[in-house]
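Structure first, commentary second.
Numbering (the working numbering), first residue to last: 2 to 232.
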């Protein structure tokens, strides 16, 4: 739990302080020797549109979200080691190749993709690429928004872990983009694809992958009392 969340929950203090949600001093950059011995690998994929960057002709189009793939190891003590972050605007076939290549390299416990039309569109291509490599990867886990506003979901998942030094990032060329997006979040002038994908690692690692219970309301043998939380 972050200090801001603790003050709100236990001290009835709702002071938000100044600056963004994440601080640069909480972004811990490490070498490969810092990779923990134990733990499980997870891959989280946040998809954007499949149009290439070369098709963007206006400043508004250039600010469109990018695909983001995060590869991280999570230990039983909830320590994270983020090994790789890939982001960009790729076509659907290139996106499928990147996902399959990462799965082949790290053999993750679970690979999650944000649920929706984009996931449904890329899945057949992922299976085609995997078959060409004689791979039989597990079905991607559909990730959800957990009935939370995007900004709240990201802060809730990451702020406390970062503040307490439980997330380490491998020293790599993508560190600058990582720091830029985290420290300026939730600014609308900067992409938030990396924080969004990182928050999905928490969802995968902590087993909080749920279903959209509103789609289950017609099941004859049970009826949810509260469709928002699936109770």
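Just so you know, even glycine gets a beta-carbon here, dropped at the ideal spot from N, CA and C.
CA-CA distance, residue i and residue j?
i: residue 159; j: residue 136; result: 33 Å
i: residue 30; j: residue 176; result: 8 Å
i: residue 27; j: residue 163; result: 6 Å
i: residue 47; j: residue 33; result: 25 Å
i: residue 156; j: residue 97; result: 29 Å
i: residue 92; j: residue 184; result: 29 Å
i: residue 94; j: residue 128; result: 11 Å
i: residue 203; j: residue 113; result: 11 Å
i: residue 274; j: residue 207; result: A question about residue 274 goes unanswered here, because the residues of the chain that appear run from 2 up to 232.
i: residue 138; j: residue 39; result: 22 Å
i: residue 121; j: residue 188; result: 29 Å
i: residue 22; j: residue 149; result: 17 Å
i: residue 124; j: residue 161; result: 33 Å
i: residue 117; j: residue 178; result: 26 Å
i: residue 173; j: residue 165; result: 22 Å
Of the residues the options, which one's Cα is nearest the Cα of residue i?
i: residue 67; options: 50, 94 and 189; result: 50
i: residue 100; options: 80, 126, 40 and 193; result: 126
i: residue 77; options: 185, 41 and 87; result: 41
i: residue 24; options: 123, 186 and 87; result: 186
i: residue 43; options: 22, 119, 110 and 106; result: 110
i: residue 35; options: 194, 169 and 182; result: 169
i: residue 1; options: 180, 144 and 189; result: This structure gives no information on residue 1, because the portion of the chain shown stretches from 2 to 232.
i: residue 205; options: 191, 142, 188 and 165; result: 142
i: residue 134; options: 104, 161, 191 and 123; result: 104
Once the 5 residues before and after residue i are set aside, which same chain residues still bring their CB inside 8 Å of it?
i: residue 154; result: 146, 147 and 200
i: residue 236; result: The question about residue 236 has no answer, for the chain in this structure spans 2 to 232.
i: residue 194; result: 47, 49, 66, 67, 68, 69, 88 and 182
i: residue 107; result: 42, 44, 72 and 84
What does DSSP give as the partner residue(s) for residue i in the beta ladder?
i: residue 87; result: 70
i: residue 156; result: According to DSSP, residue 156 bridges with nothing at all.
i: residue 47; result: 69
i: residue 100; result: Residue 100 is not bridged to any residue.
Residue i: buried (16+ other C-beta within 10 angstroms of its C-beta) or exposed?
i: residue 132; result: exposed
i: residue 151; result: exposed
i: residue 196; result: buried
i: residue 115; result: buried
For residue i, which residues of its own chain have a beta-carbon under 6 Å away from its beta-carbon, when the five flanking residues on both sides are left out?
i: residue 171; result: 84
i: residue 198; result: 45, 47, 69 and 71
i: residue 140; result: none
In chain order, what residues of the same chain lie with their CB nearer than 7 Å to the CB of residue i, ignoring the 5 residues before and after it?
i: residue 167; result: 79, 80 and 81
i: residue 130; result: 97, 98 and 101
i: residue 180; result: 25 and 28
i: residue 191; result: 181, 182 and 185
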